[in-house]
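S.K.:
2 protein chains.
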Amino acid sequence: MARTQGSHSDITGPRVRDAALSLFAQHGYAAVSMRQIAAEVGVQAGALYNYTSDKQSLLFDLLKSHMDQLLASWMAQPEAPVAMQALEQFTRFHIRFHSERPEAVFISYMELRNLTPENFAVIEELRKDYETKLEDILRAGVAQNVFSVREPKVTAMALIAMLTGVNTWFKSDGRLSLEDVEQVYWDMVRKAVSKRTD
Amino acid sequence: MARTQGSHSDITGPRVRDAALSLFAQHGYAAVSMRQIAAEVGVQAGALYNYTSDKQSLLFDLLKSHMDQLLASWMAQPEAPVAMQALEQFTRFHIRFHSERPEAVFISYMELRNLTPENFAVIEELRKDYETKLEDILRAGVAQNVFSVREPKVTAMALIAMLTGVNTWFKSDGRLSLEDVEQVYWDMVRKAVSKRTD
DNA sequence: GTCTATAACCCGATAGAC
DNA sequence: GTCTATCGGGTTATAGAC
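Protein sequences appear in the order of chains A and B.
Residue 360 in the working numbering sits at position 172 of the first sequence; the count goes up by one each step and never skips.
Residue 350 in the working numbering sits at position 162 of the second sequence; the count goes up by one each step and never skips.
1) Using DSSP with H/G/I as helix, E/B as strand and the rest coil, what is ARG203(A)?
2) At what residue ranges does the segment 269-339 of chain B contain a whole run of the alpha helix (DSSP H), taking only runs of 4 or more?
3) Can you find a C-beta in chain B that's less than 8 Å from the C-beta of HIS286(A)?
4) Only counting the same chain, and skipping five residues up and downstream in sequence, which positions put a Cβ closer than 7 Å to that of ALA226(A)?
5) Between which two residues does the alpha helix (DSSP H) holding ASP361(B) run?
6) Any beta-carbon of chain A closer than 8 Å to the one on TYR239(B)?
7) Is the shortest distance between the beta-carbon of THR192(A) and the beta-carbons of chain B less than 8 Å?
8) DSSP on VAL229(B), reduced to helix/strand/coil?
9) Going by Cα to Cα distance, which pick from SER287(B), ALA207(B) and LEU251(B) is closest to ALA309(B)?
10) How far does the alpha helix (DSSP H) with ARG384(A) in it reach, from first residue to last?
11) Along the alpha helix (DSSP H) that carries ASP256(A), what are the first and last residues, could you check?
12) Got a sec? Which residues, its chain only, sit under 6 Å from LEU275(A) by beta carbon, not counting five neighbours each side?
13) Any Cβ of chain A within less than 8 Å of the Cβ of MET189(B)?
14) If you count every other CB in all the chains shown that lies within 10 Å of the CB of LYS379(B), and 16 or more means buried, which is it?
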């Protein structure tokens with residue numbers, strides 16, 4: 189089972205992706221060179237092309253797999269027929285999922301404009317799919333007469349923006365635990381769609 | 189009043205800034221070259237250095253003047269001693285101000301990582317100043333016994349993220365007018381901090 | 001104030017040796 | 001599978017003519 193000199197195909201691939209994710213998040217796709225990624229992995233630039241056809245594919249694969257994971261993880265959640273429970277589940281799921289992978293979330297928002305139009309269209313559709321999950325919950329709550337939401341699409345966008353914003357300030361070693369944060373945001377979400385108010 | 193050939197100092201400066209703003213917003217700071225900016229303005233690349241010491245200063249000046257304008261515009265608003273009115277004023281002001289300059293808002297969020305550490309610190313402090321304006325309103329509302337907000341700092345971040353999110357989808361020729369959008373968001377904000385709920 | 005030309009360097013991607 | 005070397009092009013910023 190002697191290996192060719194320097195042959196590490198089984199581990200180098202993921203390491204290329206990890207290095208690209210981290211560097212793209214830190215400096216931005218356009219500012220990161222293939223040579224930088226290679227240095228982080230510990231190979232020469234030419235070797236990267238054994239794992240990706242080009243730099244654009246590297247970015248697209250990172251964003252695509254992030255969106256695929258997001259949708260798959262949500263679908264794997266138990267179904268909640270009661271809208272109020274479904275909304276709480278979505279709120280907590282969104283915060284938890286996004287806070288666990290800040291770099292992937294970051295580039296998924298920041299690097300959309302560096303995708304080719306074809307690649308952008310793919311990611312954009314997956315994003316819309318996710319937004320529709322929340323929109324459907326809001327519509328169900330209106331139908332069940334438990335939410336007051338005149339504009340479900342706008343409201344879904346607003347709530348997702350609010351929840352994703354956790355990533356801009358949350359530190360796991362800060363004053364609030366993630367559980368605390370979930371509770372604070374769930375209180376706001378619940379009230380924002382509620383029927384009664386002062 | 190004969191001009192030197194090609195002399196347009198009084199108008200070229202703003203045109204350089206406008207071109208940089210537009211191109212940075214479209215393609216990202218790192219992806220835009222000084223040659224591209226020059227071409228947009230209609231001069232050669234070398235001429236840009238009559239208006240900016242380097243590319244970094246161009247970015248910093250755009251972000252700095254955006255934050256200065258934001259704070260100055262907010263301070264120019266009439267004072268509202270009643271917290272509920274102050275919050276409505278902030279909500280509508282934020283949406284209006286940000287929707288009027290989507291490119292400046294966009295680069296102010298996206299290009300922070302391309303600032304030098306010193307420049308970043310300046311912008312970050314201005315951003316914190318603005319966030320504190322909302323936080324103070326929330327604390328006043330709690331003191332006046334009209335808001336229920338356990339975490340004013342977190343809530344301020346959450347509300348700002350939600351309001352800024354308007355820029356990701358709002359089109360002035362869409363189904364909803366900006367006035368409609370303000371109302372939908374103000375309903376959510378008001379309820380999110382309200383004392384009563386279902 | 002703008003031009004042309006250039007210094008000094010970096011880029012993505014590929015070819016061919018091992 | 002990884003290396004070195006390279007192609008053809010790009011970059012920021014400056015120098016000096018006009």
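All C-beta atoms, glycine included, are put in the ideal place defined by N, C-alpha and C.
M.R.: From the atom records:
1) Here ARG203(A) sits in helix by DSSP.
2) Listed in chain order, they are 271-288, 290-298 and 305-331.
3) no
4) GLN232, ALA233, ALA235 and LEU236
5) Where ASP361(B) is concerned, there is no enclosing alpha helix (DSSP H), given that its DSSP letter is neither H nor E.
6) So, not an interface residue.
7) At THR192(A), the pLDDT of 45 sits below 50, so the modelled position is not reliable and the matter cannot be decided from this model.
8) helix
9) LEU251(B)
10) Element bounds for ARG384(A): n/a, residue is neither H nor E.
11) 243-263
12) ILE325
13) Residue confidence for MET189(B) is low, a pLDDT of 41 falling below 50, so the modelled location carries little weight and cannot support an answer.
14) Per the 10 Å Cβ criterion, buried.
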